[in-house]
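Here's the structure, in structure tokens; my notes come after.
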Amino acid sequence: MSRKLFHIFNYSFLTLLGLMMFLPFMNVIAQSLSSAGAIDRGEVMFWPVEFTTRYYEYVFDDVSIWRAFSVTVYITVMGTLINLIMTASLAYPLSRQEYVGRTYILIFVLMTMIFSAPLIPQFILMREVGLVNTLWALMLPTAISAFNLFVLRSFFAQIPHELIDSSRIDGCSELRTLWSIVLPLSKPALATVGIFYSVTNWNKYMDALYYINDVKKYPLQVKLRQMLITDDLTDTGNLAFEAASQSVQGVQMAVILVATIPIIMVYPFLQRYFIKGMMIGSIKS
Amino acid sequence: MLRMQYMWKYKALYFISIPGILFFLLFKYVPLFGTVIAFQNYNLFTGFKGSPWVGLAHFKRMFSHYDFLRILGNTLILGIYDMVFAFTAPIVLALLLNEVRLAFYKKIVQTIIYAPHFLSWVIVSGIFVGVLSPSSGVVNTIIGWFGMEPIYFLGEDSYIRTILVSSGLWRDIGWGTIIYLAALAGINPDLYEAAEMDGASRWRQTLAITLPALLPVITILFLLKIGDFLDYGFERVFVFQNPLNLQNSEILDTYIYKAGLKQMQYSYATAIGLFKSVVGLTLLSIANFMSKKATGESLY
């Protein structure tokens, strides 16, 4: 009996939790498609009231949003490519028995997870090497994440060494072995790590706040943040913004969705891989 | 000699690893040594060599500063809240999810609760600001049904900590369950069968089998969390901050950004950053030592 009661409680609790995760999204979608009047009167809950697409028209007409969007797409594609090349090229040697001293390199990497430098010395370094105010500042300092490096290394280490030995006997160079044997066999791991990296790159905000001060190089998250705080500035704020939209909140919700939809679209692929990736990662520790 | 020959045979492997090693040296180790400017009056134009040494002056200034103690307090309070709620909630949720027998229902719930983890803090704050808005937010609409006045949640010091903690829960509670669910899946079902035979109730089985099986994972995650105790997360707090809630929401990380990059007090901000790292490391060592004594589990 008490068992049954527990199940009723459990299922209702989890359903409620699921709704609490999901309904805010519905609210955002509904507001982005409702008339200014309906939003201001607080009538919009989880379904559009007085349907309109004007906020999206405003968002798609805004050159600065497009520019920020393209910066983000660029750092996501290029940055993830750099991430994968850099991570794989260190993870592979560290996974081979033949690499003498690999434990030292592993400790060298692990240390960076325990000791990390404060913000200012990092900023000074970026300034010294001339990366401040370039898009490289958003890609190079995050080229390898130690966690992803360990995930990839564990995966490479599982590839039977007979396979690698035989390709060597066939006269393959190390690079050739990596390129035509190891990497093709590691597609699932590369996909996991690649997806993790691309989500990080897409969401980059803090690095841009620290290192970028040229408006034209702002990624989408920084632009989005600026638009969200316009709420506080409505009296003094952007008049064109006001006139074009009449509802600041509607525009804000539309931009939120424009910045979220790409992630929602990769999420189904993502989900298949990340659980596997997390498992490999956790076995390590 | 033999060793050199051996290494030469695999020179390509060493060659491939060079860019990665250089990356860690340049971007992780160089700034670590750059932390010495906490003991200088660092000047951007004269550099490390040309800046005068001032010993512990910046640390003294830090502790004598009224604002600093308030900010440290904020950081500690938020850290404790987060430890109490954000750390335990995924454990409870994983136990509940583990009891679900309908596979498709479990899958749907998991899909939904994992999703917010992939949203940036800027977007999470946007959603929260929208939902909590005094004029058009859904929460205030519902409050209105009960005849209450709308509340400007983000415009007051009294709500900001709750908002910070609950937005963290909303974003990461589902994600946090993954590792526990993996550990739960690894428990030998024979144990439960045997307990059943001995007449143990489900609750009893949870206490005697499930929780002990989770303990190693919980300990490791707890230790990792302790090490990051003062790293509450710059982004998360910064995106919710406004002048009206600053009193309770300013933490070390946001203060370092403002004092360091905005006001260019480089050495002072570095001193605070160094203080933060040292406290984190000390907490981690103490917790690690205690855990080794008590449970045998430790990070190192």
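Just so you know, the sequences run in chain order A and B.
Just so you know, we're using our numbering here: the first sequence kicks off at -8 and counts up by one.
Just so you know, we're using our numbering here: the second sequence kicks off at 220 and counts up by one.
Ideal placement from N, C-alpha and C gives every residue a C-beta, glycine not left out.
Every value quoted in this text rests on a predicted model; they were computed, and no experiment measured them.
Cα-Cα separation between residue i and residue j, rounded to whole angstroms
i, j, result
"VAL343/B", "THR265/B", "42 Å"
"ILE398/B", "ASN262/B", "46 Å"
"ALA182/A", "TYR264/A", "7 Å"
"VAL319/B", "ILE406/B", "16 Å"
"LEU81/A", "SER504/B", "30 Å"
"PHE459/B", "PHE246/B", "29 Å"
"VAL100/A", "ALA250/A", "33 Å"
"LEU224/A", "ARG390/B", "With a pLDDT of only 41 at LEU224/A, under 50, the local geometry of the prediction cannot be trusted, and the value read off the model is given with reservation. If you take the alpha carbons of LEU224/A and ARG390/B, they lie about 28 Å apart."
"GLY446/B", "LEU500/B", "6 Å"
"GLU48/A", "PRO353/B", "26 Å"
"PHE0/A", "GLY292/B", "38 Å"
"GLY228/A", "MET244/A", "Summary for GLY228/A: the model assigns pLDDT 47, below 50, so the residue's position carries little reliability, and this model does not support an answer."
"THR125/A", "GLY239/B", "21 Å"
"GLY395/B", "PHE337/B", "13 Å"
"ASP226/A", "SER238/A", "Low per-residue confidence applies at ASP226/A: pLDDT is 42, beneath 50, and the placement is therefore not dependable, though the value from the model is reported in the following sentence. If you take the alpha carbons of ASP226/A and SER238/A, they lie about 13 Å apart."
"SER236/B", "TYR209/A", "33 Å"
Cutoff 9 Å: residue i Cβ touching any chain A Cβ
i, result
"MET281/B", "no"
"LEU465/B", "no"
"LYS495/B", "yes"
"SER344/B", "yes"
"ASN293/B", "no"
"THR287/B", "Checking the sequence shown, residue 287/B turns out to be Phe, not Thr. No, no contact with chain A."
"SER510/B", "no"
"TRP227/B", "no"
"GLY298/B", "no"
"PRO408/B", "no"
"PHE304/B", "no"
"SER355/B", "yes"
Min CB distance residue i to chain C below 9 Å
i, result
"GLU368/B", "No chain C is part of this structure, whose protein chains are labelled A and B."
is_contact[residue i, chain B] using C-beta, thresh 9 Å
i, result
"LEU174/A", "no"
"GLY70/A", "no"
"THR227/A", "Caution is warranted here: a pLDDT of 43 is assigned to THR227/A, below 50, making its placement in the model unreliable, and no coordinate value can be reported."
"ALA108/A", "yes"
"PRO151/A", "no"
"THR78/A", "yes"
Sequence-distant residues of the same chain with beta carbon closer than 7 Å to residue i, five excluded per side
i, result
"LEU315/B", "none"
"LEU212/B", "Beyond the ends of chain B as shown, which are 220 and 519, falls residue 212/B; an answer cannot be given."
"PHE114/A", "TYR201"
"ASN192/A", "ILE66, THR67, GLY70 and THR71"
"ASN461/B", "LEU373"
Run of the alpha helix (DSSP H) containing residue i, from where it starts to where it stops
i, result
"MET130/A", "Where MET130/A is concerned, there is no enclosing alpha helix (DSSP H), given that its DSSP letter is neither H nor E."
"VAL311/B", "285 to 317"
"ILE327/B", "322 to 333"
"ARG87/A", "Per DSSP, ARG87/A belongs to no alpha helix (DSSP H) and is neither H nor E."
"THR265/B", "It is not in any alpha helix (DSSP H) - THR265/B carries neither H nor E in the DSSP assignment."
"MET483/B", "No alpha helix (DSSP H) contains MET483/B, which DSSP labels as neither H nor E."
"TRP170/A", "First-last for TRP170/A: undefined, no H or E at that position."
"ASN192/A", "178 to 193"
"TRP422/B", "421 to 424"
"GLY393/B", "376 to 404"
"PRO408/B", "408 to 416"
"GLN466/B", "465 to 468"
"ILE437/B", "430 to 446"
"GLU119/A", "110 to 119"
"MET(-2)/A", "The question names Met, but residue -2/A in the sequence shown is His. Where HIS(-2)/A is concerned, the enclosing alpha helix (DSSP H) stretches over -7 to 23."
"THR360/B", "357 to 364"
Own chain residues within Cβ distance below 8 Å of residue i, not counting five before or after
i, result
"TYR378/B", "ILE370, PHE372 and ASN464"
"VAL384/B", "LEU297, TYR300, ASP301, PHE304 and ALA305"
"ARG216/A", "TYR196"
"MET547/B", "Residue 547/B is absent from the model: chain B starts at 220 and stops at 519."
"HIS284/B", "none"
"ALA478/B", "GLN484, TYR487, ALA488 and ILE491"
"ASN139/A", "ASN74, THR78, VAL184, PHE187 and TYR188"
"ALA257/B", "HIS277, PHE278, SER486, THR489, ALA490, GLY492 and LEU493"
Sub-9 Å separation of residue i and residue j beta-carbons
i, j, result
"GLU469/B", "TYR196/A", "no"
"ARG380/B", "ILE296/B", "yes"
"THR360/B", "MET77/A", "no"
"VAL249/B", "PHE267/B", "no"
"PHE278/B", "PHE448/B", "no"
"LEU442/B", "ALA401/B", "no"
"LEU312/B", "ILE332/B", "yes"
"VAL358/B", "VAL350/B", "yes"
Other residues of its chain near residue i: CB distance less than 6 Å, five sequence neighbours each side excluded
i, result
"THR438/B", "SER510, THR514 and GLU516"
"LEU211/A", "ALA59, PHE60, THR63 and ALA250"
"ALA148/A", "SER86"
"THR43/A", "SER26"
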